[in-house]
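Q: Residue numbers (this note's numbering): 46 to 552.
What follows is a single structure, and I will ask about it in a moment.
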């Protein structure tokens with residue numbers, strides 16, 4: 046054959062590939078009806094069309110209705126909604142699975158939120174007639190219970206809850222998310238052997254699992270089996286247990302040994318719940334850590350165990366501690382100076398018993414934050430209400446900060462008892478050329494007056510402010526001050542339409 050012809054043939058698509066590309070284009074355009082109609086034209090088109098149409102489902106009703114032995118019925122509960130239930134009218138035989146399997150083998154994602162309108166007991170019953178998983182090619186399982194009434198069963202992650210998911214556990218799974226949303230106090234069981242067996246078996250049943258998320262109320266069961274996963278990259282443990290926290294020594298020992306773990310989310314990290322001395326140095330691949338709730342000392346107990354050279358992102362929210370715990374947390378940050386790119390901290394500090402001078406406090410807080418590789422820094426620190434002495438950052442402190450983050454595109458800085466001046470805002474605007482968002486808390490003006498400014502999505506070119514979307518002034522006559530600022534910052538020829546200044550009076 047002519048080599049030129051062979052080259053053309055090697056670049057040509059097969060009929061099946063052409064059909065798949067057409068189906069993908071219809072999917073991208075949201076043309077589901079056209080895709081279904083296209084799938085009915087011929088056999089070559091039906092397979093890729095059905096694969097895309099059944100790629101993700103939001104409930105199992107569409108598949109359960111294909112099993113002749115199942116009968117759907119509605120059970121009235123309260124007066125506001127009815128529960129869909131399936132009854133097995135006769136023993137299920139092999140032929141009953143034919144139509145079910147034709148579509149079930151195509152499902153890759155099951156996102157199944159229950160709001161109290163589904164009776165899930167049928168899934169456990171189906172296990173008596175089916176040895177293998179119901180969706181053999183499933184890659185993502187999201188199973189949640191959303192409370193609608195106090196009589197809704199299994200409002201917490203426990204044995205009954207995970208038993209519902211057993212027919213969907215398969216070796217092809219890459220992601221599992223289990224969540225509950227209970228709106229009343231749960232009386233937890235002391236121990237849950239079914240949940241424990243489920244967690245212990247999960248690493249062997251799902252060897253390719255990369256994402257595991259547990260959210261909500263959870264019965265008591267050790268999480269030591271988490272250390273048996275070999276491919277887990279993302280782990281989220283946002284659960285409340287009888288013990289009060291998911292972060293204990295057993296859990297941290299297991300999680301720290303995960304060699305592939307890149308992202309970790311934890312709730313309520315308190316030093317009283319675990320012994321840092323018993324936890325080995327680990328987390329060799331961790332890139333991102335997110336913590337909600339806890340104390341500074343507890344967060345430090347986790348940070349000290351991270352050995353990853355690629356640890357780039359730390360987010361801490363709702364941390365509350367005394368000044369000593371906060372300073373311990375801040376002092377632990379320079380360990381990651383060479384790798385940190387994102388630092389997002391929202392904390393509350395009790396300064397009532399603190400006699401530290403505001404200027405000394407500023408020095409203690411600023412130095413550890415001068416991490417040169419940061420591109421996002423959100424430092425929102427609030428103090429307990431009270432009358433405390435305040436001060437303004439010195440010019441030397443501002444110079445160090447404004448030159449410390451040359452690559453920063455987001456800066457949000459709020460310090461207790463320490464304010465920025467209007468001149469400081471100008472210095473940041475001049476020196477931080479790539480900033481797209483800047484917030485400097487309270488800006489000190491003449492005397493005791495303050496100007497509270499929130500500046501969002503600002504684009505700088507050669508040190509010049511080009512776009513100001515919003516500014517909020519504490520007093521109406523500060524508008525004239527802003528006009529003077531804008532006149533000095535904007536280059537000639539820039540249209541006033543590029544920015545808007547919104548000014549309001551605070552009552």
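Beta carbons are placed, not taken as given, at the ideal position from N, Cα and C, and that holds for glycine.
#1: Quick one: what does DSSP say residue 65 is sitting in, helix, strand or coil?
#2: Distance check for residue 209 and residue 163, CA to CA, integer angstroms please.
#3: Can you find at least 3 beta carbon pairs, one from the region 129-138 and one from the region 85-96, that sit closer than 8 Å?
#4: Less than 8 Å separating the beta-carbons of residue 424 and residue 414?
#5: Would you call the CB atoms of residue 374 and residue 345 closer than 8 Å?
#6: Leaving out the 5 sequence neighbours to the left and right, which residues in its chain are closer than 8 Å to residue 386 when beta-carbon positions are compared?
#7: Quick check on residue 328: does DSSP put it in helix, strand or coil?
#8: Determine the closest residue to residue 339 out of 461, 326, 352 and 311, with distance taken between C-alpha atoms.
#9: Specify the secondary structure class of residue 293 as computed by DSSP and reduced to three states.
#10: Taking the Cβ atom as the reference point for each residue, do residue 145 and residue 100 lie within a distance shorter than 8 Å?
#11: Just tell me which of 453, 114 and 329 has its CA closest to the CA of residue 3.
#12: With a 10 Å radius around its C-beta and 16 neighbouring C-beta atoms as the bar for buried, classify residue 286 as buried or exposed.
#13: Starting from the Cα of residue 428, find the closest Cα among 367, 304 and 206 and give me that residue.
#14: Since residue 443 is in the beta strand (DSSP E), which residue starts that stretch and which ends it?
#15: Counting C-beta neighbours from all protein chains within 10 Å, is the total for residue 322 16 or more, i.e. buried, or is it exposed?
#16: Kindly indicate the opening and closing residues of the alpha helix (DSSP H) around residue 149.
#17: Where in the region 367-417 do unbroken runs of the beta strand (DSSP E), each at least 3 residues long, occur, reported from the N-terminal end onward?
#18: Could you tell me which whole alpha helix (DSSP H) segments of length 4 or greater appear in the region 209-281?
#19: When you compare only the Cα positions, how much space is there between residue 448 and residue 477?
#20: Can you tell me whether residue 177 is helix, strand or coil according to DSSP?
#21: Within a Cβ cutoff of 6 Å, which residues of the same chain sit near residue 214, ignoring the five residues on either side of it in sequence?
#22: Using the C-alpha atoms, what's the distance from residue 81 back to residue 87?
#23: Considering only the alpha carbon of each residue, which of 179, 259 and 360 lies closest to residue 142?
#24: Please name the residue in 460, 454, 485 and 473 whose C-alpha comes closest to that of residue 479.
#25: Report yes if the CB atom of residue 240 is closer than 8 Å to the CB atom of residue 257, and no otherwise.
#26: Roughly how far, in whole angstroms, is the beta-carbon of residue 172 from the beta-carbon of residue 211, given that I think they are within contact range, below 8 Å?
#27: According to DSSP, is residue 117 part of a helix, a strand, or is it coil?
#28: Please work out which residues of its chain come closer than 6 Å, Cβ to Cβ, to residue 222, disregarding the five sequence neighbours upstream and downstream, and give them in chain order.
#29: Helix or strand or just coil, what does DSSP make of residue 457?
#30: Measuring only the C-alpha atoms, how far is residue 483 from residue 466?
#31: Going by DSSP in three states, residue 203 sits in which element: helix, strand or coil?
#32: Name the DSSP beta bridge partners of residue 283, please?
A: Based on what the coordinates show:
#1: Numbered from 1 along the chain shown, position 20 holds the residue referred to as residue 65. In the structure shown, residue 65 sits in a helix (DSSP, three-state: H, G or I).
#2: Sequence index remark: in the chain shown, residue 163 carries index 118 (1-based). Sequence index remark: in the chain shown, residue 209 carries index 164 (1-based). For residue 163 and residue 209, the distance between alpha carbons rounds to 12 Å.
#3: At 8 Å Cβ cutoff, the stretches do not touch.
#4: Stepping through the chain shown from its first residue, residue 424 is reached at position 379. Stepping through the chain shown from its first residue, residue 414 is reached at position 369. Between residue 424 and residue 414, the C-beta spacing is below 8 Å.
#5: The residue you call residue 374 lines up with position 329 of the chain shown. The residue you call residue 345 lines up with position 300 of the chain shown. In contact: residue 374 and residue 345 (Cβ atoms closer than 8 Å).
#6: In the chain shown, the residue the question calls residue 386 occupies position 341. Closer than 8 Å at the Cβ level, and outside the excluded window around residue 386, lie 357, 358, 418, 419, 420 and 421.
#7: Reading the chain shown from its first residue, position 283 is the one you call residue 328. Shown here, residue 328 sits in coil according to DSSP, grouped into three states, outside any helix or strand.
#8: Walking along the chain shown from the start, residue 339 turns up at place 294. Looking only at 461, 326, 352 and 311, the smallest Cα-Cα distance to residue 339 is reached by 311.
#9: Taking the chain shown and counting its residues from 1, one reaches residue 293 at position 248. In the three-state reduction of the DSSP assignment, residue 293 falls in the coil class, being assigned neither a helical nor a strand state.
#10: On the chain shown, residue 145 is found 100 positions in, with the first residue counted as 1. On the chain shown, residue 100 is found 55 positions in, with the first residue counted as 1. No, these two residues do not count as a Cβ contact at 8 Å.
#11: Since the first residue of the chain shown is 46 and the last is 552, residue 3 is not available in this structure.
#12: Position 241 of the chain shown holds residue 286. Answer is buried; the Cβ neighbour count reaches 16.
#13: What you label residue 428 is simply residue 383 of the chain shown in a count that begins at 1. For residue 428, the closest of 367, 304 and 206 by C-alpha to C-alpha distance is 367.
#14: Within the chain shown, the letter at position 398 stands for residue 443. Counting along the chain, residue 443 falls outside any beta strand (DSSP E), though it belongs to the alpha helix (DSSP H) covering 440-449.
#15: Taking the first residue of the chain shown as position 1, residue 322 is located at position 277. Counting of Cβ neighbours within 10 angstroms places residue 322 among the exposed residues, the total staying below 16.
#16: What you label residue 149 is simply residue 104 of the chain shown in a count that begins at 1. Unbroken alpha helix (DSSP H) run through residue 149: 143-149.
#17: Within the region 367-417, the beta strand (DSSP E) runs of at least 3 residues that lie entirely inside it are, in chain order, 387-395.
#18: 238-250, all fully within the region 209-281.
#19: To locate residue 448, count along the chain shown from 1; it is residue 403. To locate residue 477, count along the chain shown from 1; it is residue 432. Straight-line Cα distance between these residues: approximately 7 Å.
#20: Counting from one through the chain shown, the residue named residue 177 turns up at place 132. It is coil, neither helix nor strand.
#21: Residue mapping note: residue 214 aligns to position 169 of the chain shown, counting from 1. Answer for residue 214: 250, listed in chain order.
#22: Taking the first residue of the chain shown as position 1, residue 87 is located at position 42. Taking the first residue of the chain shown as position 1, residue 81 is located at position 36. Taking the straight line joining both Cα atoms gives about 12 Å.
#23: In the chain shown, the residue the question calls residue 142 occupies position 97. Residue 142 has its Cα closest to that of 179, out of 179, 259 and 360.
#24: The residue given as residue 479 occupies position 434 in the chain shown. The residue with the shortest Cα to Cα distance from residue 479 is 454.
#25: To locate residue 240, count along the chain shown from 1; it is residue 195. To locate residue 257, count along the chain shown from 1; it is residue 212. In this structure, residue 257 does not lie closer than 8 Å to residue 240 by Cβ.
#26: Mapped onto the chain shown, residue 172 falls at position 127. Mapped onto the chain shown, residue 211 falls at position 166. Residue 172 to residue 211, Cβ: 6 Å. Contact.
#27: What you label residue 117 is simply residue 72 of the chain shown in a count that begins at 1. Correct three-state label for residue 117: strand.
#28: Against the chain shown, residue 222 aligns to sequence position 177. Excluding positions up to five away in sequence, the list reads 187 and 258.
#29: The residue given as residue 457 occupies position 412 in the chain shown. It is a strand residue.
#30: Numbered from 1 along the chain shown, position 438 holds the residue referred to as residue 483. Numbered from 1 along the chain shown, position 421 holds the residue referred to as residue 466. Taking the straight line joining both Cα atoms gives about 14 Å.
#31: Taking the chain shown and counting its residues from 1, one reaches residue 203 at position 158. Secondary structure of residue 203 (DSSP, three-state): coil.
#32: Sequence index remark: in the chain shown, residue 283 carries index 238 (1-based). According to DSSP, residue pairing for residue 283 in a beta bridge involves 260.
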